[in-house]
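Peer 1:
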Amino acid sequence: MTGQSTGTGEYSDFVAVFRDRYEKLAGKLRGRVNHRPTDAIENMGGGSDAALIGMVSDIRSTASGHWLVELEDTNGTFPCLVMKDRPIADLVQQLLMDEVIAVEGTLADDAGILFVDSLYFPDVPRTHNPSTADRHVQAALISDVHVGSQEFMEDAWHRFTDWLHTPEAEHVEYLLIAGDMVEGVGIYPEQDKELDIIDIYDQYRAFSEYLKEVPADMEIRMIPGNHDAVRLAEPQPGFDEELRDIMSAHDAQVHSNPSLVTVEGVTVLMYHGVSLDEVIAELPDEEASYEEPHRAMYQLLKKRHVAPQYGGHTRLAPEDRDYLVMEEVPDVFHTGHVHKLGWGEYHNVVALNSGCWQAQTEFQKSVNIDPDAGFAPILDLDTLEMTVRKFS
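The opening residue of the sequence shown carries number 1 in UniProt numbering; numbering runs sequentially from there.
1. Please name the residue or residues paired with S149 in a DSSP beta bridge.
2. Does the distance from the CB of L352 to the CB of T132 come in under 9 Å?
3. Going along the chain, which unbroken runs of the alpha helix (DSSP H) with 4 or more residues stay wholly within the stretch 113-198?
4. Would A50 pass as a contact of A102 if the rule is Cβ separation under 9 Å?
5. By Cβ distance below 6 Å, which residues in the same chain neighbour F207 in space, the five residues on each side in sequence not counted?
6. Extract the residue ranges of the alpha helix (DSSP H) inside the stretch 226-301, only unbroken runs of 4 or more that lie entirely within it.
7. Per the DSSP calculation, D58 is bridged to which residue(s)?
8. Terminal residues of the continuous alpha helix (DSSP H) containing L91?
9. Which residues in the same chain have their Cβ closer than 6 Å to the Cβ of E292, if we skip the five residues on either side of it in sequence?
10. So, is D245 buried or exposed, given that buried needs 16 or more other C-beta atoms within 10 angstroms?
11. Near K28, which residues of its chain fall below 6 Å by C-beta distance, leaving aside the five closest residues on each side in sequence?
12. Just to confirm before moving on: does the CB-CB distance between G344 and F375 stay below 9 Å?
13. Around the Cβ of Q4, are there at least 16 other Cβ atoms within 10 angstroms (buried) or fewer (exposed)?
14. Check this for me: beta carbons of V214 and H171, under 9 Å apart or not?
15. Output needed for N75: all residues of its chain with C-beta closer than 7 Å, excluding positions within five of it in sequence on either side, in chain order.
16. Classify K390 as helix, strand or coil using the three-state DSSP reduction.
17. Just to confirm the assignment: which complete alpha helix (DSSP H) runs, minimum length 4, are found wholly within the stretch 12-44?
18. Is Y210 buried or exposed, if buried means 16 or more other CB atoms sit within 10 Å of its CB?
19. Below 8 Å on the Cβ atoms is my contact criterion, and I expect M270 with I223 to pass it. Report the Cβ-Cβ distance as a whole number of Å.
20. Looking only at C-alpha atoms, which of F363, S64, V325 and T387 sits nearest to V100?
21. So what does G342 bridge to, in DSSP terms?
22. Quick one: what's got a C-beta closer than 6 Å to A140's C-beta in the same chain, skipping five residues either side?
23. Give a yes or no on whether the C-beta atoms belonging to T361 and Q150 are separated by under 9 Å.
24. Between the C-alpha atoms of D240 and L316, what's the straight-line distance to the nearest angstrom?
25. Quick one: what does DSSP say R221 is sitting in, helix, strand or coil?
26. On the premise that M153 lies in contact with A373, defined as a C-beta separation below 8 Å, what is that separation, rounded to the nearest angstrom?
27. Based on Cα-Cα distance, which residue from F115, V185 and G179 lies nearest to G47?
28. If L96 sits next to P79, beta carbons under 8 Å apart, how far is it from one beta carbon to the other, in whole angstroms?
29. Would a C-beta distance cut-off of 9 Å place A108 and R321 closer than the cut-off?
30. Are the beta-carbon atoms of V124 and N348 separated by less than 9 Å?
31. Using DSSP bridges, identify the partner residues of L107.
32. Using a Cβ-Cβ cut-off of 8 Å (strictly less than) and excluding sequence neighbours within five positions of K24, which residues of its own chain qualify?
33. Looking only at its own chain, which residues have a Cβ that is under 8 Å from the Cβ of R19, when we skip the five neighbours before and after it?
34. Sorted by chain position, which residues of the same chain lie with C-beta nearer than 8 Å to M386's C-beta, five sequence neighbours on each side aside?
35. With a CB to CB cut of under 6 Å and the five nearest residues on each side skipped, what residues in its chain are close to D382?
36. Alpha carbon to alpha carbon, how far is V266 from D331?
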């Protein structure tokens, strides 16, 4: 969305982005349920079977321990009750506010509430068949370099870039960086005490010098993160011209956050990953945790949205449409931000959180973050198999 931002923060912008989200995600659910608008359901008789596609506007438990989920469509809202003894009750604990789901069930005798029998997410089809390269070629997927921090792992970076020049790495032709090129300035309290480079532009100049260590014939794709010098609210536009001029090494291609990029026919959804903090905080540990960040990414794939919950930890900017919806199923989903290494497959989509290049800072110690630093995941684009190289 670089250069496409039209949001002004007006009420109409918020209406537009949420309507767009609803229509896009509802379109992925309409083939699974016989959706009726909320106002039509209100006029149905008690005991009727009904199905509804809506955005989650409220979730609360009843005095009896059941779940009451308020769903909203473009016509109104309707209360849906999930009984605690139903198999789908566990799915309610995976819900986030503002995501779009579908439910089927039976109306109460007074038709004032829907007793839910089935609950559906937009989800990635289990039949998803990922694309692969037609030759043996590899990509290095990294994030969170944090140049400018006293804890930037310069020696590990040198070992990584030296390795890229060896015959062992001859097939690594792409480098994808999912945000936080630099440490930034004023990101968290007393950060200045942990900076090795104080000036933000000097941080990017130093990053550019490190980038020059990468083989000149490698293609580089990168997106910004929350430490970078772009707006914090997502979607984040790509770096401005001044920063692009500074980071001109190897003609690196700059994209917005998030972006869907294609490499050798393989589609890679690059997203820095700020919303992972919220997913991990809101969902049960077995569904999302910092120790297994890829499982939190599975939840975003299931919801087909990289940052569903509005108004919480993740800053979201209203635009004329919702750039954060996963309209197309990616072959690879690449994130960073949480400084933890984890990968796996969800419905044939490779999900990877690529760790970082920054040792533990005092701030990270204070919030119990033990980073996985100095790793470089290497993806075979012809098989989508992953190998992780350690340089720390």
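Note that beta-carbon positions come from the ideal geometry of N, C-alpha and C, so glycine has one too.
Peer 2: Walking through what the data contain:
1. Along the sequence shown, one-based indexing puts residue 149 at 149. Beta-bridge pairing links S149 to L195.
2. Counting from one through the sequence shown, the residue named residue 352 turns up at place 352. Counting from one through the sequence shown, the residue named residue 132 turns up at place 132. No. Outside cutoff.
3. Counting only runs of 4 or more, we get 154-164.
4. Position 50 of the sequence shown, counted from the first residue, corresponds to residue 50. Position 102 of the sequence shown, counted from the first residue, corresponds to residue 102. No, these two residues do not count as a Cβ contact at 9 Å.
5. The residue you call residue 207 lines up with position 207 of the sequence shown. Cβ contact annotation for F207 (same chain, cutoff 6 Å, sequence separation greater than five): V147, M181 and V182, in chain order.
6. Those alpha helix (DSSP H) runs which fall completely within the stretch 226-301 and span 4+ residues are 241-246 and 275-282.
7. Along the sequence shown, read from residue 1 onward, the residue named residue 58 stands at position 58. Beta-bridge pairing links D58 to E70.
8. Taking the first residue of the sequence shown as 1, we reach residue 91 at position 91. Its alpha helix (DSSP H) spans residues A89 to V92.
9. Working through the sequence shown from its first residue, we reach residue 292 at position 292. The answer, listed in chain order, is G342.
10. Residue numbering aside, residue 245 sits at position 245 when the sequence shown is read from its first letter. Result: exposed.
11. On the sequence shown, position 28 is the one that residue 28 refers to. The answer, listed in chain order, is P122.
12. Residue numbering aside, residue 344 sits at position 344 when the sequence shown is read from its first letter. Residue numbering aside, residue 375 sits at position 375 when the sequence shown is read from its first letter. Cβ distance not < 9 Å, so G344 and F375 don't count as in contact.
13. For the purposes of this step, residue 4 is taken as the residue at position 4 of the sequence shown. Around the CB of Q4, fewer than 16 other CB atoms lie within 10 Å, so the residue is classed as exposed.
14. In the sequence shown, residue 214 corresponds to position 214, counting from 1. In the sequence shown, residue 171 corresponds to position 171, counting from 1. Not a contact, by the Cβ cut-off of 9 Å.
15. For the purposes of this step, residue 75 is identified with residue 75 of the sequence shown, where counting begins at 1. The residues are P37, T38 and D39.
16. In the sequence shown, residue 390 corresponds to position 390, counting from 1. If DSSP states are grouped into helix, strand and coil, K390 belongs with the strands.
17. Listed in chain order, the alpha helix (DSSP H) elements of length 4 or more contained wholly in the stretch 12-44 are 38-42.
18. Position 210 of the sequence shown, counted from the first residue, corresponds to residue 210. So Y210 counts as buried.
19. Counting from one through the sequence shown, the residue named residue 270 turns up at place 270. Counting from one through the sequence shown, the residue named residue 223 turns up at place 223. The pair is a contact, with the Cβ atoms about 5 Å apart (cut-off 8 Å).
20. By 1-based counting over the sequence shown, the position of residue 100 is 100. The shortest C-alpha separation from V100 is found at V325.
21. Residue 342 sits at position 342 when you count from the first residue of the sequence shown. G342 pairs with N353.
22. One-based indexing of the sequence shown puts residue 140 at position 140. Only V172, L175, A376 and I378 meet the Cβ criterion.
23. Translated into positions along the sequence shown, residue 361 becomes position 361. Translated into positions along the sequence shown, residue 150 becomes position 150. Yes.
24. Locating residue 240 in the sequence shown gives position 240, where the first residue counts as 1. Locating residue 316 in the sequence shown gives position 316, where the first residue counts as 1. Computed Cα separation, rounded: 19 Å.
25. Looking up residue 221 in the sequence shown gives position 221. R221 falls in the strand class under three-state DSSP.
26. Sequence index remark: in the sequence shown, residue 373 carries index 373 (1-based). Sequence index remark: in the sequence shown, residue 153 carries index 153 (1-based). Going by Cβ atoms, the distance from A373 to M153 rounds to 6 Å, so yes, they are a contact pair.
27. Within the sequence shown, numbered from 1, the residue matching residue 47 stands at position 47. The residue with the shortest Cα to Cα distance from G47 is F115.
28. The count along the sequence shown starts at 1 and reaches residue 96 at position 96. The count along the sequence shown starts at 1 and reaches residue 79 at position 79. At roughly 18 Å, the Cβ-Cβ gap does not stay under 8 Å, so L96 and P79 are not in contact.
29. For the purposes of this step, residue 108 is taken as the residue at position 108 of the sequence shown. For the purposes of this step, residue 321 is taken as the residue at position 321 of the sequence shown. In this structure, A108 lies away from R321, with their beta-carbon atoms at least 9 Å apart.
30. Indexing the sequence shown from 1 puts residue 124 at position 124. Indexing the sequence shown from 1 puts residue 348 at position 348. Yes, the Cβ-Cβ distance between V124 and N348 is below 9 Å.
31. Within the sequence shown, numbered from 1, the residue matching residue 107 stands at position 107. Bridge partners of L107: L114.
32. Looking up residue 24 in the sequence shown gives position 24. So the qualifying residues of the chain are D322, V325 and E327.
33. Counted from its first residue, the sequence shown places residue 19 at position 19. Within the same chain, Cβ atoms closer than 8 Å to the Cβ of R19 are found at T74, the five residues on either side in sequence being excluded.
34. On the sequence shown, residue 386 is found 386 positions in, with the first residue counted as 1. Contacts found: W343, V350, L352, P377, I378, L379 and D380.
35. Along the sequence shown, read from residue 1 onward, the residue named residue 382 stands at position 382. Contacts found: T132, A133 and H136.
36. Here residue 266 is taken as the residue at index 266 of the sequence shown, counted from 1. Here residue 331 is taken as the residue at index 331 of the sequence shown, counted from 1. About 6 Å.
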